[in-house]
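Q: Numbering (the UniProt record's numbering), first residue to last: 1 to 588.
Where is the CB? At the ideal position from N, CA and C, for every residue including glycine.
Predicted model only: the values in this text are computed from it and were never measured.
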């Protein structure tokens, strides 16, 4: 089984996007490494499709500011297997049909209300569910007015809350479950189907921990800092030598986020390649010819073919009439005025005026030596589609696209095509429609798809505040210039009891009395005089993190999970006000 899975050879690339309120402001892409333990994950998925994972979740937030129809204030849990939805459909007054497939109504778990015009119907007497999955309902009497349906339906089929596992606290004080919310008794109500916790009045600082079941699979992504012994500010890379890795070094705790399902499936692995343009190979050839009537029309010709071995003319470098009988010197011709290229492909030149019969001319021309500049070797094959090919001019930075027809799979169609898709050889037209020959100095950006299997795009979102603040110890040293108050680079963190977490304050190597001001950044130290050396060691909550790596796992709990793949992706700074979206394209 594992041998068969290994033969699938999954691989891919990872894309990171940083975003804020204004949108995405940074993007980075890199290839990743699928590790050996991926085999076991896939084997488990195939051997038991119904397998689930138990996940412990903790979250904080506040209730809605407006009460619901029952007058309660709702806290919406992150895991909401079902939700209450509504749908409507126009019905003609002449209708005789009793069965309707309601538009946009799918995966119904319960019909809550159905109205025909202004009349409310009785569920399971006047109206019935006929097919809950596709949203078909049946009426006892044919409706003859617009339908309004309120129902409860599945949000997704991946997760289910485990009843009774929740623990709810308000401002750190634990509340209990009841059928009816009651502030006096510190009681809440919960709907396990919709993931809604109801309170009598609005609440802030709500903390909820609970367990839920999710479909087993590639369930979570995690972020990692700088691996041990890795140089600061240097990118992390993984090679085939790292396939035996079973964990991500220096992973941020409690920062794994769920993969958002369903995932997008594509055929063909996307590849992006940037190549410098290939200059055209040229050479100079000298050709001689004698003027005269070559076509037999009794007139002296003005157009003459050059003997250049069938090569294309690019430029006339020089031309001259060789000295004839009784002449001592050659006579130079002016290129463009006296003589010019008539047909570059046919290698013919043309005189502006009719030459004398029997004159001998010598022309030096630059010719195209071969067509190798039209061919490019792509790094990955076989190729199933050319998606986009762009040229950027080295001198003007102008960017133009080449026309692709028939996905680039038909030779001679469009401006560019695959000459040999199996070998990854791409070929350009010598006369592209955009007017920019491919040998124009610059670079090409080629986006294409490789026939290496099926691509699944796994996406996870790391919102603001994830990873959370990390309690970090720091030491700062000051030399006093007479001042006794020292400003730290970070605010000192506090214990649960509200005390500042200061490890030590020394003056000239000896412990000293100190006071931390209310802002947590200014520290007053006793007995300081100019020239004293003050060292302050303290803890602070580090909210900005350097992300060096990302990995995907089957479970949320680090101690029991198996790693599927890993990639270096940084270093990239993610602060408390920045979100991060990871798109992992895995090819099977």
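(1) Looking only at its chain, what residues have a beta carbon closer than 8 Å to the beta carbon of residue 371, apart from the 5 residues adjacent to it on each side?
(2) When you compare each of 390, 511 and 318 to residue 365 by their alpha carbons, which one comes out closest?
(3) On a Cα-Cα basis, can you pick out the residue from 72, 439 and 541 that is closest to residue 180?
(4) Which whole-angstrom value describes the C-beta separation of residue 505 and residue 523, a residue pair presumed to lie in contact below a C-beta threshold of 8 Å?
(5) At what residues does the alpha helix (DSSP H) containing residue 41 begin and finish?
(6) Along the beta strand (DSSP E) that carries residue 391, what are the first and last residues, could you check?
(7) Can you name the start and end residues of the beta strand (DSSP E) that residue 420 belongs to?
(8) Since residue 61 is in the beta strand (DSSP E), which residue starts that stretch and which ends it?
(9) At the level of alpha carbons, what is the spacing between residue 517 and residue 205?
(10) Is it right to say residue 219 is buried, meaning 16 or more other beta carbons lie within 10 angstroms of its own, or is it exposed?
(11) Flag this pair as yes or no: are the beta carbons of residue 415 and residue 434 separated by less than 8 Å?
(12) Comparing alpha-carbon positions, which option in 562, 289 and 499 lies nearest residue 539?
(13) Quick check on the burial criterion: 16 or more other C-beta atoms within 10 angstroms. Buried or exposed for residue 24?
(14) Around the C-beta of residue 270, are 16 or more other C-beta atoms found within 10 angstroms, so that it is buried, or is it exposed?
(15) Going by DSSP in three states, residue 554 sits in which element: helix, strand or coil?
(16) By Cβ distance, which residues of its chain are closer than 8 Å to residue 578, with the 5 residues on each side in sequence left out?
(17) Jot down the residue ranges of each uninterrupted beta strand (DSSP E) in the segment 206-292, minimum 3 residues, whole runs only, in chain order.
(18) Does the Cβ-Cβ distance between residue 214 and residue 158 come in under 8 Å?
(19) Drop a sphere of 10 angstroms on the beta-carbon of residue 363, count the other beta-carbons inside from all chains shown, and report buried for 16 or more, exposed for fewer.
(20) Would you list the one or two residues that DSSP bridges to residue 31?
(21) Suppose the cutoff is 6 Å on Cβ atoms and the five residues either side in sequence are ignored; what does the same chain contact list for residue 446 look like?
(22) Just tell me which of 160, 302, 172 and 532 has its CA closest to the CA of residue 497.
(23) Measuring only the C-alpha atoms, how far is residue 258 from residue 461?
(24) Which word fits residue 408, buried or exposed, when buried means at least 16 other C-beta atoms lie within 10 angstroms of its C-beta?
(25) Would you say the segment 567-574 touches the segment 527-538, given that touching needs at least three Cβ pairs under 8 Å?
(26) How is residue 373 classed by DSSP in three states: helix, strand or coil?
(27) Ignoring anything shorter than 3 residues or poking outside the segment 61-117, list the beta strand (DSSP E) runs there in chain order.
(28) Apart from the five residues on each side of it in sequence, which residues of its chain come closer than 6 Å, Cβ to Cβ, to residue 121?
(29) Go ahead and pull the three-state DSSP assignment for residue 575.
(30) To the nearest angstrom, how far is it from the Cα of residue 588 to the Cα of residue 455?
(31) How many Å lie between residue 314 and residue 393 at the Cα?
(32) Apart from the five residues just before and just after residue 232, which ones in its own chain have a Cβ nearer than 6 Å to its Cβ?
(33) My output table needs one value for residue 4: the three-state DSSP class, helix, strand or coil.
(34) For a quick check, are the C-beta atoms of residue 152 and residue 81 less than 8 Å apart?
(35) Contact between the segment 180-190 and the segment 24-36 is defined here as three or more beta-carbon pairs at a separation below 8 Å; is this criterion met?
(36) Taking the Cβ atom as the reference point for each residue, do residue 250 and residue 468 lie within a distance shorter than 8 Å?
A: Quick answer:
(1) As a working mapping, residue 371 is identified with position 371 in the chain shown. Result list for residue 371: 430, in chain order.
(2) Counting from one through the chain shown, the residue named residue 365 turns up at place 365. Among 390, 511 and 318, the Cα nearest to that of residue 365 belongs to 318.
(3) Against the chain shown, residue 180 aligns to sequence position 180. Considering only alpha carbons, the answer is 72.
(4) Translated into positions along the chain shown, residue 505 becomes position 505. Translated into positions along the chain shown, residue 523 becomes position 523. Confirmed, Cβ separation roughly 7 Å.
(5) As a first step, residue 41 must be located in the chain shown, where it is residue number 41. Run containing residue 41: 38-47, per the alpha helix (DSSP H) assignment.
(6) Here residue 391 refers to the residue found at position 391 when the chain shown is read from its first residue. Note, residue 391: beta strand (DSSP E), 383-393.
(7) Within the chain shown, the letter at position 420 stands for residue 420. Where residue 420 is concerned, the enclosing beta strand (DSSP E) stretches over 416-420.
(8) The sequence position of residue 61 within the chain shown is 61, counting from 1. Its beta strand (DSSP E) spans residues 52-61.
(9) By one-based count along the chain shown, residue 517 stands at place 517. By one-based count along the chain shown, residue 205 stands at place 205. Cα to Cα, the separation comes out at about 26 Å.
(10) On the chain shown, residue 219 is found 219 positions in, with the first residue counted as 1. When all chains shown are included, residue 219 counts as buried.
(11) Sequence index remark: in the chain shown, residue 415 carries index 415 (1-based). Sequence index remark: in the chain shown, residue 434 carries index 434 (1-based). Result yes, Cβ atoms of residue 415 and residue 434 sit closer than 8 Å.
(12) For this step, residue 539 is matched to residue 539 along the chain shown. Put simply, of 562, 289 and 499 the residue whose alpha carbon is nearest the alpha carbon of residue 539 is 499.
(13) In the chain shown, counting from the first residue as 1, residue 24 sits at position 24. When all chains shown are included, residue 24 counts as exposed.
(14) Translated into positions along the chain shown, residue 270 becomes position 270. Result: buried.
(15) Taking the chain shown and counting its residues from 1, one reaches residue 554 at position 554. In the structure shown, residue 554 sits in coil (DSSP, three-state: anything other than H, G, I, E or B).
(16) To locate residue 578, count along the chain shown from 1; it is residue 578. Same-chain partners within the cutoff: 18, 19, 20 and 464.
(17) Taken in chain order, the unbroken stretches of beta strand (DSSP E) that lie wholly in the segment 206-292 and span 3 residues or more are 206-215, 220-224, 264-276 and 282-290.
(18) If you number the chain shown from 1, residue 214 lands on position 214. If you number the chain shown from 1, residue 158 lands on position 158. Yes; because the gap between Cβ atoms is below 8 Å, this pair is in contact.
(19) Sequence index remark: in the chain shown, residue 363 carries index 363 (1-based). Its Cβ being crowded by 16 or more others within 10 Å, residue 363 is buried.
(20) Position 31 of the chain shown, counting from 1, holds the residue named residue 31. BP columns for residue 31 point to 13.
(21) Residue mapping note: residue 446 aligns to position 446 of the chain shown, counting from 1. Contacts found: 273 and 389.
(22) Reading the chain shown from its first residue, position 497 is the one you call residue 497. Of 160, 302, 172 and 532, the residue nearest in Cα terms is 172.
(23) By one-based count along the chain shown, residue 258 stands at place 258. By one-based count along the chain shown, residue 461 stands at place 461. For residue 258 and residue 461, the distance between alpha carbons rounds to 8 Å.
(24) Your numbering for residue 408 matches position 408 in the chain shown. Buried, since its Cβ has 16 or more Cβ neighbours within 10 Å.
(25) No: fewer than three Cβ pairs fall under 8 Å.
(26) Counting from 1 along the chain shown, the entry for residue 373 is found at position 373. Three-state DSSP puts residue 373 in a helix.
(27) 73-76, 82-89, 99-101 and 108-116
(28) What you label residue 121 is simply residue 121 of the chain shown in a count that begins at 1. Correct list, in chain order: 114 and 127.
(29) The count along the chain shown starts at 1 and reaches residue 575 at position 575. Look at residue 575 here: in three-state DSSP terms it is coil, with no helix or strand label.
(30) Taking the first residue of the chain shown as position 1, residue 588 is located at position 588. Taking the first residue of the chain shown as position 1, residue 455 is located at position 455. A direct Cα-Cα distance of roughly 6 Å separates residue 588 from residue 455.
(31) Position 314 of the chain shown, counting from 1, holds the residue named residue 314. Position 393 of the chain shown, counting from 1, holds the residue named residue 393. Roughly 21 Å between the two C-alpha positions.
(32) Residue 232 sits at position 232 when you count from the first residue of the chain shown. So no residue of the chain qualifies.
(33) Here the question's residue 4 lines up with position 4 in the chain shown. Its pLDDT being 45, under 50, residue 4 is placed unreliably in this model, and the value from its coordinates should be taken loosely. It is helical.
(34) The count along the chain shown starts at 1 and reaches residue 152 at position 152. The count along the chain shown starts at 1 and reaches residue 81 at position 81. Result no, Cβ atoms of residue 152 and residue 81 do not sit closer than 8 Å.
(35) no
(36) Along the chain shown, one-based indexing puts residue 250 at 250. Along the chain shown, one-based indexing puts residue 468 at 468. No, Cβ-Cβ distance for residue 250 and residue 468 is not below 8 Å.
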